[in-house]
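Q:
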Amino acid sequence: MATVFYGTLDRMHRMALGDFELTAFSDGTYPLDGGAFFGVIPKTMWSRKIAADDKNYVITGLNSLLIRTGKQTILVETGMGNKLSDRMRKFYGQPAKLLDNLSAAGIAPEDIDIVINSHLHFDHCGWNTIRDKNGKIVPTFPRAKYYAPEGEWQYARKPSERDGISYIPENYDPLVESGQMTLLKGGEEIVPGVSVETFRGHTASMQAIVVRGDQKTHPVPPKDGETRVGQPPVTSCPPTACYISDLMPTTSHIDIAWGMGFDLYPLETIESKKRYYARSIPEKWLTVFTHDPKTPWVYIERDELGKMVAKEAK
Ligand SMILES: [Zn+2]
14 MATVFYGTLD RMHRMALGDF ELTAFSDGTY PLDGGAFFGV IPKTMWSRKI AADDKNYVIT
74 GLNSLLIRTG KQTILVETGM GNKLSDRMRK FYGQPAKLLD NLSAAGIAPE DIDIVINSHL
134 HFDHCGWNTI RDKNGKIVPT FPRAKYYAPE GEWQYARKPS ERDGISYIPE NYDPLVESGQ
194 MTLLKGGEEI VPGVSVETFR GHTASMQAIV VRGDQKTHPV PPKDGETRVG QPPVTSCPPT
254 ACYISDLMPT TSHIDIAWGM GFDLYPLETI ESKKRYYARS IPEKWLTVFT HDPKTPWVYI
314 ERDELGKMVA KEAK
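Just so you know, we're using this note's numbering here: the sequence shown kicks off at 14 and counts up by one.
(1) Using three-state DSSP, classify TRP271 as helix, strand or coil.
(2) List in chain order the residues whose CB is within less than 7 angstroms of at least one heavy atom of ligand 1.
(3) Can you name the start and end residues of the beta strand (DSSP E) that TRP298 belongs to?
(4) Can we say the region 105 to 119 touches the region 51 to 58, given the rule of at least three CB pairs closer than 8 angstroms?
(5) Extract the residue ranges of the alpha helix (DSSP H) inside the region 87 to 172, only unbroken runs of 4 or more that lie entirely within it.
(6) Among the candidates ILE150, PRO122, ASP176, TYR160, whose CA atom is the shortest distance from the CA of GLN193?
(7) Who pairs with TYR256 in a beta bridge, going by DSSP?
(8) Can you tell me whether LEU111 is buried or exposed? The criterion is at least 16 other CB atoms within 10 Å of its CB, across all chains shown.
(9) Starting from THR57, trace the alpha helix (DSSP H) in both directions and tell me its first and last residue.
(10) If you draw a straight line from the C-alpha of PHE50 to the C-alpha of ARG292, how long is it?
(11) What three-state label does DSSP hand GLY20 in the structure shown?
(12) Tell me which residues share the same chain as SER179 and place their Cβ nearer than 6 angstroms to its Cβ, disregarding the 5 neighbours each side in the sequence.
(13) Between LYS287, LEU75, VAL204, GLU183, which has its C-alpha nearest MET321's C-alpha?
(14) So, for GLY164: in the same chain, excluding its five sequence neighbours on each side, which residues have a beta-carbon less than 7 angstroms away from its beta-carbon?
(15) If contacts are defined as beta-carbon pairs under 8 angstroms, then ASN76 and ASP276 qualify, I think. What distance do you get, rounded to the angstrom?
(16) Taking just the CA atoms, how far does GLY47 sit from TYR70?
(17) Just to confirm the assignment, what range does the beta strand (DSSP E) spanning GLU202 have?
Right, here's the structure in full:
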């Protein structure tokens, strides 16, 4: 297959996950303040992992995950989109590359059956909608069923002063009003093998998207505390990927204590990461990053000293 340049990702990242296929697509990159990106972590530490420019900005990616199940084409997250106000554009630019990058891979907006947003910050659901010729807000993916966390949508109607700027109602309200967007409580299976799970920390209701390919041959093991009476123990897991979104936005955020300054509940970010690793490490999940400009996914392991280590996924 020819090498195609997808946005800012260095090459095409595509892999099989059981009988599903995963591809990473970029909406481009934008600048974020390095201090805000790494919260309480000193610059002397984070600057060893990510370079900052003379204004202390670091390059931040906007990664979407395309899942082909064989029956549906599912797009997880829709980047920053093309509807930013002039003021927002001054801060963040507006790369708006997602549709071009999908098109370069032969995927038209009409091909998308399902769109899932992990949360409703503007850099995660921007391409949910576009303006048509007359300036009317319409769905970018006309045939798609959209899904987003209900708690996010409730909060977005009355956000705090701290993160109010991150919620742009035209990215989701028209879809909720028309019935094209379904609001999720957390824990739902959207199609067989693709489900959502709430991880608190970045916001109160952010949901990760868990993808389990090949469930026929590998039954899903029970979570802690669940029992399967009368059934043999599950010894092998289906191949699993998780779009963990802003709980750990890049490979540089995999350490338990390296949270973002943007997180509304930083102590809960730590607890959520522990809960995530308790399953993702023994079950060898592929972790998919929302904001890593170069590395859309890795396997995360724990070394002998208990430190988290990212292992490249070929
Ligand atoms: Zn966010």
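The C-beta atom is built at its ideal place from N, Cα and C for all residues, glycine as well.
Owing to the predicted nature of the structure, the values given are computational and were not obtained by experimental measurement.
A: Taking the geometry as given:
(1) coil
(2) HIS132, HIS134, ASP136, HIS137, SER179, HIS215, THR216, ASP259, PHE275
(3) Note, TRP298: premise wrong, no beta strand (DSSP E); not H, not E.
(4) no
(5) 99 to 105, 111 to 117, 163 to 170
(6) TYR160
(7) Beta-bridge pairing links TYR256 to ILE222, VAL301.
(8) buried
(9) For THR57, the uninterrupted alpha helix (DSSP H) segment begins and ends at 56 to 59.
(10) 26 angstroms
(11) At GLY20, the pLDDT of 49 sits below 50, so the modelled position is not reliable; the number obtained from the coordinates is stated separately. It is coil, neither helix nor strand.
(12) HIS134, PHE135
(13) LYS287
(14) ALA217, SER218, listed in sequence order.
(15) With a Cβ gap of about 19 angstroms, ASN76 and ASP276 do not count as contacting.
(16) 5 angstroms
(17) 202 to 204
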